[in-house]
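Q: First to last, the protein sequences are chains A and B. So that you can map any letter, position 37 of the first sequence is 309 in the numbering used here, and since no number is skipped, the others follow by simple counting. So that you can map any letter, position 83 of the second sequence is 355 in the numbering used here, and since no number is skipped, the others follow by simple counting. The C-beta atom is built at its ideal place from N, Cα and C for all residues, glycine as well. Dumping the structure here so I can ask a few things about it.
2 protein chains.
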Amino acid sequence: MSSLFKQRESAAVGEGHAWLEVQAALKMNTEGLIPAIAQQYDTKEVLMMAWMNSESLSETVATGRVCYWSRSRSKLWRKGESSGQEQHLKEMRFDCDGDTILLFVDQTGPACHTGRRDCFYNVLQGDEVVVDREPIIDPKDLYK
Amino acid sequence: MSSLFKQRESAAVGEGHAWLEVQAALKMNTEGLIPAIAQQYDTKEVLMMAWMNSESLSETVATGRVCYWSRSRSKLWRKGESSGQEQHLKEMRFDCDGDTILLFVDQTGPACHTGRRDCFYNVLQGDEVVVDREPIIDPKDLYK
């Protein structure tokens with residue numbers, strides 16, 4: 273565990289470290305990525321989980337518009353750039369050991385590429401996994 | 273993307289697949305792990321993010337008590353086994369591409385090893401990252 277995050281475990285409320293110092297202490301994986309959970313700030317729905325690299329994290333903080341790293345396309349992914357469904361950053365949090373980010377966001381429309389509000393529509397019920405949400409926008413209308 | 277999850281993207285509400293088939297289609301990383309987000313089922317606080325392997329996932333489903341894979345200790349981690357602060361499973365969800373799990377849990381006391389209710393107590397404020405929560409139990413009393 274990074275000593276900066278270790279040190280912060282017993283820090284008093286209000287104690288701060290400079291953002292650039294914290295950013296440098298984040299624990300990226302071997303691909304240079306860190307998981308980021310996006311939670312709708314007012315309803316508290318967990319919308320999705322995606323990955324950031326250092327560049328997408330810096331851009332998100334600088335612009336207030338959430339930018340991930342697309343592992344499938346190997347490029348920066350400004351959420352909403354093709355679907356129009358943007359995520360605006362309300363608050364950014366880091367966990368105790370600095371290896372996960374929690375984003376409070378304001379999500380326009382669906383967060384999921386299937387047109388559903390969130391990505392977690394597969395729910396375990398007994399010995400089956402069932403779809404329990406419908407798209408709020410037809411995915412054909414999201415990506416034209 | 274797994275064809276099972278791809279197929280489910282356009283499934284109607286109520287459409288199911290057998291749990292064992294879904295479990296086999298989950299996308300584990302190169303270490304055989306999948307991220308699991310724990311959210312308190314009633315307040316919707318995001319408590320923590322940790323990792324599961326196939327065995328911990330099966331055990332969690334079978335027992336209803338959340339079991340992760342501890343990457344630092346390389347063993348099954350039955351949440352609360354040393355701290356007494358258990359997580360009981362209320363609902364389990366899988367995202368659109370089958371590479372993230374969302375757990376609705378009922379967490380006894382603090383989820384975080386620092387004694388805080390959740391792990392995300394480091395918040396970005398301007399150009400500083402500030403601690404904004406106190407432990408609800410002294411960590412010295414959690415691990416005796």
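Show which residues of chain B have a CB atom less than 7 Å away from the CB atom of A/Gln311.
A: Val318
Q: Is the beta carbon of A/Pro382 within less than 7 Å of some heavy atom of the ligand SAH?
A: Judged by which ligands are present, the structure shown has none, so any question about the ligand SAH falls away.
Q: With contact counted as at least three CB pairs below 8 Å, one residue from each stretch, are the region 282-301 of chain A and the region 349-359 of chain A in contact?
A: The answer is no - the region 349-359 of chain A does not touch the region 282-301 of chain A, with fewer than three Cβ pairs under 8 Å.
Q: Name the residue from A/Lys278, A/Glu400, A/Asp404 and A/Arg405 whose alpha carbon lies nearest to the alpha carbon of B/Leu292.
A: A/Glu400
Q: Please go through the same chain and pick out, in chain order, the residues whose beta-carbon is closer than 6 Å to the beta-carbon of B/Arg389, but skip the five residues on each side of it.
A: Pro382 and Ile408
Q: Counting only C-beta atoms, is A/Gly286 closer than 8 Å to chain B at any point?
A: yes
Q: Just confirm the distance between the C-beta atoms of A/Asn394 and B/Arg280, as a whole number of angstroms; I'd bet it's less than 8 Å.
A: 6 Å
Q: Note down, one range per segment and in chain order, each beta strand (DSSP E) of at least 3 residues found wholly within the region 297-328 of chain A.
A: 306-312 and 318-324
Q: For B/Gly356, which of B/Asp404, B/Tyr415 and B/Glu363 has the nearest alpha-carbon?
A: It is B/Tyr415.
Q: Suppose you measure from the CA of B/Gly387 to the CA of A/Lys278; what does that come to, to the nearest Å?
A: 14 Å
Q: Cβ closer than 9 Å: which chain A residues qualify as neighbours of B/Asn325?
A: Within 9 Å Cβ-Cβ: nothing; B/Asn325 doesn't reach chain A, min ~16 Å.
Q: Can you find a CB in chain B that lies within less than 8 Å of the CB of A/Val338?
A: no
Q: Just to make sure I have the definition right: I need the residues of chain B whose C-beta is within less than 9 Å of the C-beta of A/Ala290. Which are they?
A: Close to A/Ala290, with beta-carbon spacing below 9 Å, are these residues of chain B in chain order: Asp399, Glu400 and Val401.
Q: Would you call the region 322-336 of chain B in contact with the region 317-329 of chain A, where contact means no fewer than 3 C-beta pairs closer than 8 Å?
A: no
Q: What residues match up with B/Arg365 in a beta bridge as DSSP calls it?
A: A/Val395 and B/Leu374
Q: For A/Val403, which residues in the same chain have their Cβ closer than 7 Å to its Cβ, ignoring the five residues on either side in sequence?
A: Tyr393 and Asn394
Q: Rounding to the nearest angstrom, what Cα-Cα distance links A/Lys316 and B/Gln295 in this structure?
A: Between the C-alpha atoms of A/Lys316 and B/Gln295 there is a straight-line separation of about 27 Å.
Q: For B/Met273, name the three-state secondary structure that DSSP assigns.
A: Bear in mind that the predicted position of B/Met273 carries a pLDDT of just 48, short of 50, making it unreliable; the figure below should be weighed with that in mind. Three-state result, B/Met273: coil.
Q: Identify every residue that forms a DSSP beta bridge with B/Ala290.
A: A/Glu400
Q: Buried or exposed: which applies to A/Asp410, given that a residue is buried once 16 or more other Cβ atoms fall within 10 Å of its Cβ?
A: Per the 10 Å Cβ criterion, exposed.
Q: Which residue marks the beginning of the alpha helix (DSSP H) containing B/Lys412, and which one marks its end?
A: Per DSSP, the continuous alpha helix (DSSP H) segment holding B/Lys412 begins and ends at Pro411 to Leu414.
Q: With DSSP as the reference, please indicate the residues paired to A/Arg337 in a beta bridge.
A: A/His360
Q: Taking DSSP as the reference, what is the three-state secondary structure of B/Arg280?
A: In the structure shown, B/Arg280 sits in a helix (DSSP, three-state: H, G or I).
Q: Distance, Cα to Cα, A/Cys384 vs B/Gly370?
A: 13 Å
Q: With H, G and I counted as helix, E and B as strand and the rest as coil, what does DSSP make of A/Ser342?
A: strand
Q: For chain B, check one thing: does any of its Cβ atoms lie closer than 8 Å to the Cβ of A/Pro382?
A: no
Q: What residue does the beta strand (DSSP E) around A/Lys347 start on, and which one ends it?
A: Lys347 to Arg350
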